Amino acid sequence: DPASNEPGGIEIRESSAGLWVSPNWTGVRIDDADNVGFNRLFEYISGANEQKMKIDMTSPVRTEVIPGAGPFCESTFVISFYVPYAFQAPNAPPPQPTSDLVYLRSLPALKYAVYGFPGFAMTWDKLLPNFLYLDDYLLEHNIKSIPNRQVVAGYDPPFRLRNRWNEVNAIVL
Numbered sequence: 329d330p331a332s333n334e335p336g337g338i339e340i341r342e343s344s345a346g347l348w349v350s351p352n353w354t355g356v357r358i359d360d361a362d363n364v365g366f367n368r369l370f371e372y373i374s375g376a377n378e379q380k381m382k383i384d385m386t387s388p389v390r391t392e393v394i395p396g397a398g399p400f401c402e403s404t405f406v407i408s409f410y411v412p413y414a415f416q417a418p419n420a421p422p423p424q425p426t427s428d429l430v431y432l433r434s435l436p437a438l439k440y441a442v443y444g445f446p447g448f449a450m451t452w453d454k455l456l457p458n459f460l461y462l463d464d465y466l467l468e469h470n471i472k473s474i475p476n477r478q479v480v481a482g483y484d485p486p487f488r489l490r491n492r493w494n495e496v497n498a499i500v501l
């Protein structure tokens, strides 16, 4: 039990290809990345797009961590909302963001190893034990994944204090 709570099991899941909206953020702290990224995404779905359209928020909020070259280097964080089904192919795509810092991107179908756990998971001290637990599981079961590429999925709004759910993911090869 890596985070002193009752974790979910580890699952292998397959995701379909889909369209996501994202900003990138470069820095050290994942909580800063999530705050800045979420605010940029919220502006987009609140009307900061070419059609000034309000777009439904989806969950999870997905944060992909692309580590820097060393232990004290900045990482790149890609924070994403899944674009609602009404804008997924074969339907017309959503409006383009008006900010140069936000972009639409397609993710291919992927296979993930997923480890779910409750609580607030907005800092490295809360996330790292869960990533290590998932990584140990993958090593023990000889499941190959993309090294040093972590994904966090948060399912709850920031104002929810109880019964929160999060997942850490590894892209399985």
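Read in order, the letters of the sequence shown correspond to residues 329 to 501 in my numbering.
All C-beta atoms in this analysis are idealised placements derived from N, C-alpha and C, irrespective of residue type, glycine included.
For clarity, every value in this text was computed on a predicted model and none was experimentally measured.
Coil, strand or helix - residue i by DSSP
i, result
"PRO475", "strand"
"ALA414", "helix"
Opening and closing residue of the alpha helix (DSSP H) in which residue i lies
i, result
"GLY365", "358 to 373"
"PRO457", "452 to 468"
Residue closest to residue i, alpha-carbon to alpha-carbon, out of the options
i, options, result
"ARG368", "LEU501, GLU378 and ASP428", "ASP428"
"PHE409", "LEU347, ASN470, ASN494 and ALA420", "LEU347"
"PRO399", "ASN476, VAL411 and GLU495", "ASN476"
"ALA441", "SER473, TYR372 and TRP493", "SER473"
"GLY447", "ASN352, ASN497, PRO486 and GLU342", "PRO486"
"LEU501", "ASP484, LYS382, ASN470 and VAL389", "ASN470"
Residues near residue i in its chain [Cβ-Cβ closer than 8 Å; skip 5 each side]
i, result
"GLU402", "THR354, GLY355, VAL356 and GLY396"
Beta-carbon contacts of residue i that lie in its chain and below 6 Å, excluding the five residues immediately before and after
i, result
"GLU378", "PRO423 and GLN424"
Residue range of the unbroken beta strand (DSSP E) whose run includes residue i
i, result
"LYS380", "From DSSP, LYS380 is part of no beta strand (DSSP E); its letter is neither H nor E."
Cβ neighbours of residue i in the same chain (closer than 7 Å, five flanking residues each side left out)
i, result
"ASP359", "MET450 and THR451"
"LEU466", "ALA441, SER473 and ALA498"
Nearest-angstrom beta carbon gap, residue j and residue i [assumed within contact, 8 Å]
i, j, result
"ILE407", "SER350", "6 Å"
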